[in-house]
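Residue numbers (the UniProt record's numbering), protein chains in the order written: chain A, 1 to 206; chain B, 1 to 206. Even glycine gets a Cβ: it sits at the ideal position worked out from N, Cα and C.
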DNA sequence: GTCTATAGATCGATAGAC
DNA sequence: GTCTATCGATCTATAGAC
């Protein structure tokens, strides 16, 4: 083994640790929030020593931001993958209701996405820049894609597509938030399909 | 001063401490969340000793629940006060848009309400019973009042008033959440009036 | 780079004086 | 009932060996 081989091997090992730390920290932060997560827990979850965590990420706040920026980048990719399937479907009513059904299914049984939203909202007071990163890289692209779609269908005769998109997104987000995140499923039960049908009808029969 | 006078005086003092502790704890919990708030901070904020906090509320979790139940009760009263002003207005379009304008104004510049929502959502994973208390005592009554109103106006010809109410509430909540709580005001700017007009038109021109 | 061991501060909670 | 003082655990972060 040459000297440069050893360098590569060690760099690879170090990068593997970085990944393990990010992964362990992600699990802990999503589960317990920023203040509720200790660096000991992170180290244990990543199966490295606490000193290694510090040598890779400096301090707790920096690690938290790294984890969350990774997650934001992840959600950005997911949003962008919604761009292509502008299906050949012509009927906006079918397309809209199909889009929302898909969105709802993707979120409703996705615990880790709900944990992500919980952290973004819960820590938005103490980490405003994190919240802004979410708005810039997740909410804004989603709004733009939906607005672009609504605008490309003048047959809908929407007076204000931008505001209409907010109605759509708000309806979906609030539904998942109330039923799942806030555990309202059994207290104020409601079928997601009813909400989607109502919203679709409101928009297409305006 | 008789013995019973002294008892009254001391009971009054003790009750004043209870109030001070609840008030100080409320400030701290709303600002820093559950894990981010220490009992030392609470004691300092309430200007009592830490031992007094413990003698009144047992432990931290109990104090947190007491504070949040107080807040939930508060919001419940606010929701209920919306019941009466079923104005003499006949035009649902005017009533709806007026109601939502009022709701938005009440929330949009209300930092403490936003902090409250942040905690409810942020802690809903570790305090599911608190989230359920919110749904039972704030979200559900609001939904019921709005549903009752929509149902009392058959002229609106709504196919599904229950689901329509979710669209309304989701739109309002998401708007405030994105613009204010998540600091999106400058990133995805939008006039609240446009959202209200769009929503009102969708519902009344359906 | 990674570990063990530990410093120094702060945590939740309590004992004991008044 | 309320305080000061303190306990033991846990916290963030680092020093020093390998």
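By Cβ distance below 8 angstroms, which residues in the same chain neighbour residue i in space, the five residues on each side in sequence not counted?
i: residue 41/B; result: 28, 32
i: residue 176/B; result: 104, 107, 108, 114
i: residue 178/B; result: 184, 188
i: residue 147/A; result: 161, 162, 165
i: residue 190/A; result: 175, 179
What is the C-beta distance between residue i and residue j, in whole angstroms, given that I count them as a contact (C-beta under 8 angstroms)?
i: residue 124/A; j: residue 172/B; result: Not a contact, Cβ separation roughly 18 angstroms.
i: residue 183/A; j: residue 132/B; result: 5 angstroms
i: residue 143/A; j: residue 188/B; result: 6 angstroms
i: residue 193/A; j: residue 159/B; result: Going by Cβ atoms, the distance from residue 193/A to residue 159/B rounds to 13 angstroms, so no, they are not a contact pair.
i: residue 204/B; j: residue 93/B; result: 4 angstroms
i: residue 36/A; j: residue 118/B; result: That pair is no contact at about 15 angstroms.
i: residue 145/A; j: residue 82/A; result: 6 angstroms
i: residue 170/B; j: residue 170/A; result: 4 angstroms
Sorted by chain position, which residues of the same chain lie with C-beta nearer than 7 angstroms to residue i's C-beta, five sequence neighbours on each side aside?
i: residue 138/B; result: 72, 75, 76, 79
i: residue 101/A; result: 196
i: residue 67/B; result: 22, 25, 26, 29
i: residue 50/A; result: 39, 40, 43
i: residue 141/A; result: 76, 79, 80
i: residue 84/A; result: none
i: residue 134/B; result: 72, 120
i: residue 56/B; result: 17, 18, 21
i: residue 60/B; result: 39
Enumerate in chain order the residues of its own chain whose CB-to-CB distance from residue i is below 6 angstroms, with the five nearest sequence positions on each side excluded.
i: residue 96/A; result: 200
i: residue 130/B; result: 68
Within 8 angstroms, do at least three Cβ pairs link the region 69–81 of chain A to the region 162–178 of chain B? No contact exists between the region 162–178 of chain B and the region 69–81 of chain A.
Output the residue ranges of the alpha helix (DSSP H) runs that lie fully inside the region 73–130 of chain A and measure 4 residues or longer, sorted by chain position. Considered as a whole, the region 73–130 of chain A harbours 92–108, 111–122 as its complete alpha helix (DSSP H) runs of no fewer than 4 residues, in chain order.
If we require 4 or more residues per run, which alpha helix (DSSP H) segments fall completely within the UniProt DNA-binding region "H-T-H motif" (38–57) of chain A? You should have 39–46, 50–57.
Kindly confirm or deny that the region 142–151 of chain A and the region 105–121 of chain B touch, where touching means at least three C-beta pairs closer than 8 angstroms. Because the criterion of three Cβ pairs below 8 angstroms is not met, the region 142–151 of chain A and the region 105–121 of chain B do not touch.
Should the region 8–22 of chain A be regarded as contacting the region 34–51 of chain A, the criterion being three or more beta carbon pairs within less than 8 angstroms? Contact holds: three or more Cβ-Cβ distances are below 8 angstroms.
Unbroken alpha helix (DSSP H) runs of length 4 or more, entirely within the region 146–182 of chain A: which are they? The region 146–182 of chain A contains these whole alpha helix (DSSP H) runs: 161–176.
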